[in-house]
Amino acid sequence: MLHAIETSGITKKFSEVTAVNNVNISIKQGELFGLLGPNGAGKTTLINMLSTMTVPSSGSARVWGFDVVADASLVRQSIGVVFQDITLDDRLTGRENLDLHGRLYGLGGRIRKQRIEEVLSLVELTDRADSLVKTYSGGMLRRLQIARGLIHRPHVLFLDEPTLGLDPQTRAHIWEYIMTLTKEGVTIVLTTHYLEEADHLCNRVAIIDRGEIVVIDTPKTLKSRLGGDVITLELEDSADIARLYAIYEHDGFATMVSRSSNEISMAVRDGESKIPRVLNLAYNAGISIHSVSLHKPALDDVFLYHTGRAIKDTDNSELQGLMRSRSHSMRR
Ligand SMILES: Nc1ncnc2c1ncn2[C@@H]1O[C@H](COP(=O)(O)OP(=O)(O)OP(=O)(O)O)[C@@H](O)[C@H]1O
Ligand SMILES: [Mg+2]
Numbered sequence: 020m021l022h023a024i025e026t027s028g029i030t031k032k033f034s035e036v037t038a039v040n041n042v043n044i045s046i047k048q049g050e051l052f053g054l055l056g057p058n059g060a061g062k063t064t065l066i067n068m069l070s071t072m073t074v075p076s077s078g079s080a081r082v083w084g085f086d087v088v089a090d091a092s093l094v095r096q097s098i099g100v101v102f103q104d105i106t107l108d109d110r111l112t113g114r115e116n117l118d119l120h121g122r123l124y125g126l127g128g129r130i131r132k133q134r135i136e137e138v139l140s141l142v143e144l145t146d147r148a149d150s151l152v153k154t155y156s157g158g159m160l161r162r163l164q165i166a167r168g169l170i171h172r173p174h175v176l177f178l179d180e181p182t183l184g185l186d187p188q189t190r191a192h193i194w195e196y197i198m199t200l201t202k203e204g205v206t207i208v209l210t211t212h213y214l215e216e217a218d219h220l221c222n223r224v225a226i227i228d229r230g231e232i233v234v235i236d237t238p239k240t241l242k243s244r245l246g247g248d249v250i251t252l253e254l255e256d257s258a259d260i261a262r263l264y265a266i267y268e269h270d271g272f273a274t275m276v277s278r279s280s281n282e283i284s285m286a287v288r289d290g291e292s293k294i295p296r297v298l299n300l301a302y303n304a305g306i307s308i309h310s311v312s313l314h315k316p317a318l319d320d321v322f323l324y325h326t327g328r329a330i331k332d333t334d335n336s337e338l339q340g341l342m343r344s345r346s347h348s349m350r351r
């Protein structure tokens, strides 16, 4: 098989909102593919369509060769899904949650037992397997969700914000499990709004904004396309931002100029030699600079370049995620 996933013009409309708009992607077997975008970009909706949880409004998709609408049950047998919201039963132990899931997938007794031990050990939860899930920490819950998504050995694994709200150490730990899985040949689609996560893990990323794919490539290529360096200026007075931004835009020496509430960034070739000019332009306009930094482009800069917005400006999804899972559990 050539592609583990292939979409053709896939679109999802919710009355007023077009959550996913005409998305075309092909993901190779064994790829670790990232969907990167801010809150409300349409990442979860796309994953939901690919995992047969939501029916597309138009367009189509094949996962592991099966059509997500016509062959939904075959798709479901081929995939594992780790949802953004925690959907474990906290009145059961970790092992019981896995056992239940294994039964749902029709795994017979001996195989099921063996798979449960395997996935528990993969996410290092063997020691706590017999504790009630309500006693688990946030990181343990995520790890158990990942284990559950893997129990039937899926060909394709969807991970929707697998590290949302976790501390950096636990996040790094989960990255290791994810990398282990790709070594075993599992195709992984991961959504995240953590740019460094996408950069670190993914073979390729699609930047998705307002339901549309803005650009798809390897993190390396995306960054190198911006040019050599990024200069970031912090101003003494944020009231000067718009004026200085216009000056740099007009001057045209940068391949990209972008601004946030108190900083201006620009992508330039040969950053060191451009700093004097950058400072002179500010000085001549009577604008004081608080600090200057020079760095190699990161995916933050790529996102800013392609969308004109900083992903961080809208980065309050931890909170939203928490609120959502709370309303979720209240409904049940
Ligand atoms: N069931 C629904 N009914 C109506 N609108 C919806 C529904 N699900 C999603 N949307 C809307 O579709 C858009 C995309 O939402 P989606 O959850 O796919 O974004 P996301 O990229 O996963 O965001 P986040 O980073 O917050 O998880 C949003 O505007 C959202 O409000
Ligand atoms: Mg989401």
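FYI, the numbering for the sequence shown is 20 to 351, going by my numbering.
Cβ coordinates follow ideal geometry from the N, Cα and C atoms, glycine included.
The structure displayed is predicted, hence computed values, not measured ones.
Environment of residue i [buried if 16+ CB atoms lie within 10 Å]
i           : result
residue 302 : exposed
residue 241 : buried
residue 258 : exposed
residue 63  : buried
residue 170 : buried
residue 212 : buried
residue 248 : buried
residue 275 : buried
residue 198 : exposed
residue 320 : buried
residue 67  : buried
residue 56  : buried
residue 137 : exposed
Counterpart residues of residue i in DSSP-defined beta bridges
i           : result
residue 31  : 39
residue 65  : Residue 65 pairs with nothing; no bridge assigned.
residue 77  : 30
residue 224 : 53 and 236
residue 277 : 284
residue 266 : DSSP, once it has assigned bridges, lists no residue as partnering residue 266.
residue 254 : 308
residue 100 : 177
Beta-carbon contacts of residue i that lie in its chain and below 6 Å, excluding the five residues immediately before and after
i           : result
residue 323 : 277 and 329
residue 208 : 52 and 177
Beta-carbon proximity list for residue i, same chain, < 7 Å, skipping 5 on both sides
i           : result
residue 273 : 267, 285, 286 and 287
residue 167 : 116, 117 and 120
residue 71  : 87, 91, 94 and 95
residue 61  : 38, 39, 227 and 230
Other residues of its chain near residue i: CB distance less than 8 Å, five sequence neighbours each side excluded
i           : result
residue 194 : 182, 216, 219 and 220
residue 114 : 135, 139, 148 and 149
residue 152 : 107, 108, 109, 110, 111, 112, 113, 116, 160 and 163
Contact test: residue i Cβ vs ligand 3 heavy atom, cutoff 7 Å
i           : result
residue 215 : Among the ligands in the structure shown, ligand 3 does not appear; only ligand 1 and ligand 2 can be found there.
Exercise for the section: Write down every uninterrupted run of the alpha helix (DSSP H) in the stretch 156-209 whose length is 4 residues or greater and which is fully enclosed by it, in chain order. Expected result: Taken in chain order, the unbroken stretches of alpha helix (DSSP H) that lie wholly in the stretch 156-209 and span 4 residues or more are 157-169 and 187-202.
Handout entry: Test item, CB below 5 Å from any non-hydrogen atom of ligand 1
Key = Those residues are 33, 36, 38, 58, 59, 60, 61, 62, 63, 64 and 336, given in chain order.
Problem - alpha helix (DSSP H) runs wholly inside the stretch 113-142, at least 4 long, in chain order - result: Whole alpha helix (DSSP H) segments, 4+ residues: 113-123 and 128-141.
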